Amino acid sequence: SQQGEEDPQALSIQEGENATMNCSYKTSINNLQWYRQNSGRGLVHLILIRSNEREKHSGRLRVTLDTSKKSSSLLITASRAADTASYFCATDAGDSWGKLQFGAGTQVVVTP
Amino acid sequence: DAGITQSPRHKVTETGTPVTLRCHQTENHRYMYWYRQDPGHGLRLIHYSYGVKDTDKGEVSDGYSVSRSKTEDFLLTLESATSSQTSVYFCAIRGSVKETQYFGPGTRLLVL
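One line per chain: the protein sequences are B and S, in this order.
Its first residue numbered 1, the first sequence is counted upward by one per residue in the numbering used here.
Its first residue numbered 1, the second sequence is counted upward by one per residue in the numbering used here.
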């Protein structure tokens, strides 16, 4: 079963616009991570937010976490064609083995 | 690039044949993971390892076995491949300090 559920499944925007995607999860977490996957490639880590944090920034990325609602959002500002990719949230329950549970992902297409 | 390679990168095999996928890392990371990625499911954990000869089952382990006889190599074996095991397989590693995972390039497996 998946821990994270992402919304929307797909998103199409133009360059310069902001892209927002959401992740909901079911059980308590130690941290939540976002990854990007370009077509046919492995996943690349983008940002990690801990359960005691509410917001985090990294470049054009802004992540929020609401543990009371068990949800997170990823905002990409001023999107570029190079941001075209699938984005996945992953939850870490804080067990001893670093296991992650991934959502099904949001496919983002940025057109010039 | 966390020094992770996967081999083979592509494989076509027939139902009932054994298949072994290899994950190799060059940085002595303790934790290694095997995932499969299928449309609509994100990544699902098959097996993981927390040291040489220390492995355990993940979410979708039926039909798969693993071995880790050296720190740098984590092997995934399909004892008797089935068409439902057609997928893209990703290996990932995690260090002991950072909580993020680093992914290999993936292996595309087609079982006919």
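Quick reminder that beta carbons are idealized off the backbone N, C-alpha and C, glycines included.
Just so you know, these numbers come straight off a predicted model, no measurement behind them.
Item: Return the chain-ordered list of same chain residues with a C-beta closer than 6 Å to the C-beta of B:Asp-7, the five sequence neighbours on each side being excluded.; Value: Asn-22
Item: To which residues of the same chain is B:Thr-114 closer than 8 Å at the C-beta, ignoring the five residues directly before and after it?; Value: Since the first residue shown for chain B is 1 and the last is 112, residue 114 of chain B is missing from the structure and cannot be characterised.
Item: What separation, rounded to the nearest whole angstrom, lies between the Cα atoms of B:Thr-67 and B:Gln-33?; Value: 14 Å
Item: In chain order, what residues of the same chain lie with their CB nearer than 8 Å to the CB of B:Asn-18, ignoring the 5 residues before and after it?; Value: Leu-75, Ile-76, Thr-77, Ala-78, Ser-79
Item: Where does S:Asp-62 sit, in a helix, a strand or coil, going by DSSP?; Value: coil
Item: By how many angstroms is the C-alpha of B:Ser-39 removed from the C-alpha of B:Val-109?; Value: 11 Å
Item: Using three-state DSSP, classify B:Ser-1 as helix, strand or coil.; Value: Because B:Ser-1 sits at a pLDDT of 47, beneath the cut-off of 50, its placement in the model cannot be relied upon, and the following sentence gives the value as read from the coordinates. Coil, per DSSP.
Item: Does DSSP put B:Ser-12 in a helix, a strand or coil?; Value: strand
Item: With B:Ala-90 and B:Gln-101 assumed to form a contact (beta carbons below 8 Å), what rounded beta-carbon distance in angstroms separates them?; Value: 6 Å
Item: Inspect the CB distances between the segment 2–14 of chain S and the segment 101–108 of chain S and report whether three or more fall short of 8 Å.; Value: yes
Item: Any beta carbon of chain B sitting closer than 8 Å to that of S:Pro-29?; Value: In the sequence under discussion, the amino acid at residue 29 of chain S is His, which differs from the Pro named in the question. No - not a single Cβ of chain B is within 8 Å of the one on S:His-29.
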